[in-house]
Amino acid sequence: MSSSSCDETENDAENVGDKSFSNSDKKVDIPAEFFEYHGNVHGKKARFYKCLFEGCKTKVKKDGTLKYLIVKNDSRYNAKRHYLAHDPGGKLGHKDKWRSAIAKNSNKENLDVISRGP
Numbered sequence: 010m011s012s013s014s015c016d017e018t019e020n021d022a023e024n025v026g027d028k029s030f031s032n033s034d035k036k037v038d039i040p041a042e043f044f045e046y047h048g049n050v051h052g053k054k055a056r057f058y059k060c061l062f063e064g065c066k067t068k069v070k071k072d073g074t075l076k077y078l079i080v081k082n083d084s085r086y087n088a089k090r091h092y093l094a095h096d097p098g099g100k101l102g103h104k105d106k107w108r109s110a111i112a113k114n115s116n117k118e119n120l121d122v123i124s125r126g127p
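And the structure:
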């Protein structure tokens, strides 16, 4: 799968913080209208999220527990990739909805904390 320089620029814009600092605790803001926060990933700088898209079914592990989407604290790329996969032809306008949600969240006062929703 090839990507254009425009896509690469968008992906770079999805990343937050200087990656040269390993002790950085900055976390990206994940749109609460698309994903529900389900806690930290043990031993990793990442968090669990559940997709709220109507047709998305959460996978189930062999032991019967739910398998949530893992999103790194310093990049929302995995969440974006997952959300946009629900609109492969671009007919539902998910790309614009994602951009709008990110722009709305960017206007918030504190960008270092993930909004966890009510």
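Here this note's numbering is used: the first residue of the sequence shown is 10, the next is one more, and so on. Note that CB positions come from ideal geometry on N, CA and C, so glycine has one too.
Which residue comes first and which comes last in the beta strand (DSSP E) that contains residue i?
i	result
A55	55-60
Y46	44-49
I think residue i touches residue j, with their Cβ atoms under 8 Å apart; what is that distance to the nearest whole Å?
i	j	result
Y92	F43	5 Å
V69	K59	V69 to K59, Cβ: 12 Å. No contact.
K53	D83	That belief does not hold up - the Cβ atoms of K53 and D83 are roughly 12 Å apart, past 8 Å.
Figure out for me which residue from the options has the closest Cα to the Cα of residue i.
i	options	result
A88	W107, L75, E63, K100	W107
A55	A112, H95, D38, N114	D38
V50	H103, L78, A41	L78
G64	A94, A110, S109, S115	A94
At a Cβ threshold of 7 Å, is residue i touching chain B?
i	result
D105	Any reference to chain B falls outside this structure, which holds one protein chain only.
By the three-class DSSP mapping on this structure, what secondary structure does residue i have?
i	result
I79	strand
N96	The identity of residue 96 in the sequence shown is Asp, whereas the question assumes Asn. If DSSP states are grouped into helix, strand and coil, D96 belongs with coil.
In the DSSP output, which residue or residues are listed as bridge partners for residue i?
i	result
K68	K76
Could you spell out where the alpha helix (DSSP H) holding residue i opens and where it closes?
i	result
K89	86-93
N114	103-115
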